Every structure is written in structure tokens, then in C-alpha cells.
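Data first, discussion second: the structure below is written as C-alpha cells.
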Amino acid sequence: MDTRRIGALLRAAQPLYIVVELLVAAVVPGPYSLARDTISQLGVVAVSPGHAVMNGAFVLFGTTLALGAALSDRRPRYAGVLWVIAGFSSIATGLAPLDSAPVAHLVVSAPVFLTQPVALLLTGLALRSRVAAGLGIVSVVASVLFLLGAVPDLAGALERLALWPGYVVLGVLGVRTLARASAASAG
Numbered sequence: 001m002d003t004r005r006i007g008a009l010l011r012a013a014q015p016l017y018i019v020v021e022l023l024v025a026a027v028v029p030g031p032y033s034l035a036r037d038t039i040s041q042l043g044v045v046a047v048s049p050g051h052a053v054m055n056g057a058f059v060l061f062g063t064t065l066a067l068g069a070a071l072s073d074r075r076p077r078y079a080g081v082l083w084v085i086a087g088f089s090s091i092a093t094g095l096a097p098l099d100s101a102p103v104a105h106l107v108v109s110a111p112v113f114l115t116q117p118v119a120l121l122l123t124g125l126a127l128r129s130r131v132a133a134g135l136g137i138v139s140v141v142a143s144v145l146f147l148l149g150a151v152p153d154l155a156g157a158l159e160r161l162a163l164w165p166g167y168v169v170l171g172v173l174g175v176r177t178l179a180r181a182s183a184a185s186a187g
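If you read the sequence shown in full-length UniProt numbering, its first letter stands for residue 1, the second for the next number, and so on.
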């Protein structure tokens, strides 16, 4: 299997991050709101019995995000670099949970909110995909609102609007690349 297919496979796996996050949120015993509460709270021992799974998911999917971009991005280069930075930010976020390293957590998690939405927007523009570019705009706006603390009662929703579209678009791109590669090798 060539590196481009491996990168596409890693990208195709990105939507599974959302599934893991929703499963971890579902086992929180106390009140937890996807709209109100931040994603990082799912990695806190006192909040979630699935804290280790969530922190592991940050590391695992950050790794697949960075590797997927490095192995499959030939263009757009700027977006590829931003996807890699977002992946490293996610890895560091999982290694510095909010409860055990709060300052480090805030420092290492911020880049994902600066790079991933912009990477999505640039990817959509480069591919001339109105859907991906539109989702990129939504992600950028949500990220800015989240980082500014503009709507604290919707912090969780803003985080998810900033990040989830990127995972979905990468998943679609990965599946498309794999389908094209299969068709080319079959034909």
C-alpha cells in the first residue's frame, strides 16, 4: 500500500473521533451537556469515567490527523501544514488533561482551534468544494466565538462546530481517495 492510500485511510477514520466523543459523553454520570460543556471536560477524572478513553482519543486521532495529512496532502500545502499542527495540538491535549495540567492544557489545545478550522476552509477552497468551504467558514466563526468566550452557555456547541466538520470532511476525502485508488487499480 502506498503512502497516499495510507494517508487516505487515516483520514477516512477521522469521523470515528466524533463517535468516541459521543460514547464517552454518554457515560458521564452527572449532568453533561454537549452544548454547554467543553470537550476537554470529558478527559477530567472527576467528570467522566471515560476520561482515559477521551484523552487517548485525543492522542490517537491527533496522530492519525497529522499522519494522514503528511502522507496524503500534495496540495494545498498550507492546509496540510495546518492539519499537521492541529494533529499535534490534539496529541498534546490528550497528554496534558485539563484536571492534571490546566495551564499546559489551555496552551496546547488552543492551536487546534486556530489551525483546524482554517485548514478546513483552505482545503475546501483548494478543492473548489462549496460544502467543505462553507463548513470551513462555519468552523472559523465558531472557533473565534469559542476562543473569545462570546457565548459561554454554548461553549461546547461552539467547540464542536469548530472541530467536528473537519473530521467529517476529512473522512469523506479519505473515502473518496480510497475509492479512486481502488477504481484505478481495478481498471
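Even glycine gets a Cβ: it sits at the ideal position worked out from N, Cα and C. Quick caveat, the model's predicted, so the values are computed rather than measured.
Rounded to whole angstroms, how far is the Cβ of residue i from the Cβ of residue j, which I believe are closer than 8 Å?
i      : j      : result
Ile85  : Thr123 : Contact flag wrong, Cβ pair sits at about 14 Å.
Phe61  : Ser90  : 6 Å
Leu163 : Gly68  : About 15 Å; that fails the 8 Å criterion.
Ala13  : Thr64  : 6 Å
Can you give me the start and stop residues for the alpha helix (DSSP H) that residue i sits inside?
i     : result
Ile18 : Pro15 to Ala26
Thr64 : His51 to Ser72
Thr93 : Arg77 to Leu95
For residue i and residue j, I'd like the C-alpha separation in whole angstroms.
i      : j      : result
Arg77  : Arg4   : 15 Å
Arg36  : Ala70  : 34 Å
Val27  : Ala57  : 15 Å
Phe146 : Asp153 : 10 Å
Ala132 : Leu121 : 7 Å
Leu34  : Ser185 : 43 Å
His51  : Gly149 : 24 Å
Pro156 : Gly174 : At residue 156 the sequence reads Gly, which differs from the Pro that was named. Those two C-alpha atoms are separated by around 27 Å.
Leu22  : Ala96  : 21 Å
Arg180 : Val151 : 42 Å
Ala101 : Ala183 : 48 Å
Indicate the three-state DSSP secondary structure (helix, strand or coil) for residue i in the structure shown.
i      : result
Tyr167 : helix
Gly7   : helix
Thr123 : helix
Ala157 : helix
Gly149 : coil
Pro102 : helix
Give me the residue from the options with the minimum Cα distance to residue i.
i      : options                           : result
Val107 : Ser40, Ile137, Val169 and Ala184  : Ser40
Phe113 : Leu161, Ser48, Leu173 and Ala12   : Leu161
Val20  : Asn55, Val44 and Ala8             : Asn55
Val169 : Ser109, Ser143, Arg130 and Arg180 : Arg130
Ala25  : Ala13, Val47, Val151 and Leu127   : Val47
Leu16  : Ser182, Pro49, Arg176 and Gly166  : Gly166
Ile6   : Ser72, Val59 and Val45            : Ser72
Leu82  : Ala142, Pro111, Val103 and Pro29  : Pro111
So, is the C-beta of residue i closer than 7 Å to a C-beta in chain B?
i     : result
Val44 : Protein chain content of the structure displayed is limited to a single chain, and chain B is not contained in it.
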